[in-house]
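In this note's numbering, each residue's number is its place in the sequence shown (first place is 1) plus 13. Glycine included, every Cβ here is placed at the ideal spot set by N, Cα and C. A short worksheet on the structure shown next.
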Amino acid sequence: MKKFVIIFIFFAFSNHSEAQRFLGALAFGGNLTQVDGDEVFGFKKLGFNVGVASFLPITQNWFLSLEVAFSQKGSYEKLPLVANPSNSLPYYNLRLNYVEVPFLMHYEDKKLAMLGAGFSFNRLVGAKEIEWGLPTTTNATNGIYSINDINAIVDIRLRVYKSFRINFRYAYSVSKIRTREYSDFAGNTWTRNQYNSILTFRVVYTFNEKINEEQIE
Numbered sequence: 014m015k016k017f018v019i020i021f022i023f024f025a026f027s028n029h030s031e032a033q034r035f036l037g038a039l040a041f042g043g044n045l046t047q048v049d050g051d052e053v054f055g056f057k058k059l060g061f062n063v064g065v066a067s068f069l070p071i072t073q074n075w076f077l078s079l080e081v082a083f084s085q086k087g088s089y090e091k092l093p094l095v096a097n098p099s100n101s102l103p104y105y106n107l108r109l110n111y112v113e114v115p116f117l118m119h120y121e122d123k124k125l126a127m128l129g130a131g132f133s134f135n136r137l138v139g140a141k142e143i144e145w146g147l148p149t150t151t152n153a154t155n156g157i158y159s160i161n162d163i164n165a166i167v168d169i170r171l172r173v174y175k176s177f178r179i180n181f182r183y184a185y186s187v188s189k190i191r192t193r194e195y196s197d198f199a200g201n202t203w204t205r206n207q208y209n210s211i212l213t214f215r216v217v218y219t220f221n222e223k224i225n226e227e228q229i230e
């Protein structure tokens, strides 16, 4: 992560005229998430996603961005595939809280749509897991889940009014966040690696942005 920050600072102090004006941004929205490999399926876990970002223009259409965000991820399934009346619900509920530092390259087309891609470096700051209605021993520091997670990101932003944009983002872990062994009623066991999979929907407001009204009409 330090290498990316150094690169960002290098561009910030370059002599390119476009690189002399930073753009700031605030983002607020939510995540729909799942954990691939946890035997629970679907983007059913809701969570907040709130962040602040700095954009560095490289050319008229290309930007670098560095962001700091709080992002809630996890997995949820109220009912199991096989009911067990003796156990409480929900069947499974996982909450993972991260502090994220996304680093993206963006291309903006005619001030309307902005497409981006890159990586985020994530630190686990909170974890809670419930199985059959009861909390497990999982927390952020006991090593059950990796404390660090790197995500690959695809990002789309559409201008809706002046400096307000709607932001759609998909992110996926590039390495496992957990390895877990499962078993069934017949005594069969198997091992699965787990990965965060995140759909993000946010509203983004950009500061210090020069808007060409004719260009966006």
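The stretch 102-109 makes contact with the stretch 78-94, as at least three CB pairs between them are under 8 Å. Distance from the CA atom of V138 to the CA atom of G131, rounded to whole angstroms, is 22 Å.
A residue is called buried once 16 or more other Cβ atoms fall within 10 Å of its Cβ, and Y111 is buried on that count. Counting every other CB atom within 10 Å of its CB across the protein chains shown gives E194 a total below 16, marking it as exposed.
If you compare the alpha carbons of K141, K58, L45 with that of I157, the shortest gap goes to K141. Secondary structure of A199 (DSSP, three-state): coil. Within its own chain, the residues whose Cβ lies closer than 8 Å to the Cβ of V65, once the five positions on either side in sequence are excluded, are G37, A38, L39, A40, E80, V81, A82, listed in chain order.
The secondary-structure analysis by DSSP pairs Q85 across a beta bridge with N110. Q207 has R191 as its beta-bridge partners, per DSSP.
With respect to M127, R170 sits close: the two C-beta atoms are nearer than 7 Å. Residue L109 holds the alpha-carbon nearest to the alpha-carbon of Q47 among L109, N221, H119, I163. The straight-line gap separating the alpha-carbon atoms of Y185 and N209 is approximately 6 Å. Nearest neighbour of T213 by Cα position, chosen from N74, L77, G55, S84, turns out to be S84. The Cβ atoms of F61 and P70 do not sit closer than 7 Å to each other. Taking C-alpha positions only, H119 is separated from T154 by approximately 34 Å. Short of 6 Å from the beta carbon of I160, and not among the five residues preceding or following it, lie these beta carbons of its own chain, in chain order: L137.
Cα atoms of N201 and E52: separation of roughly 15 Å, rounded to the nearest angstrom. Distance between A165 and S188, taken at the CA atoms: about 10 Å.
K141: member of the beta strand (DSSP E) spanning 126-144, first to last residue. Per the coordinates, the alpha-carbon of D162 lies some 35 Å from the alpha-carbon of K223. Setting aside the 5 residues that flank it on each side, T204 is surrounded in the same chain by E194, each with a C-beta closer than 6 Å to its C-beta; the list follows chain order.
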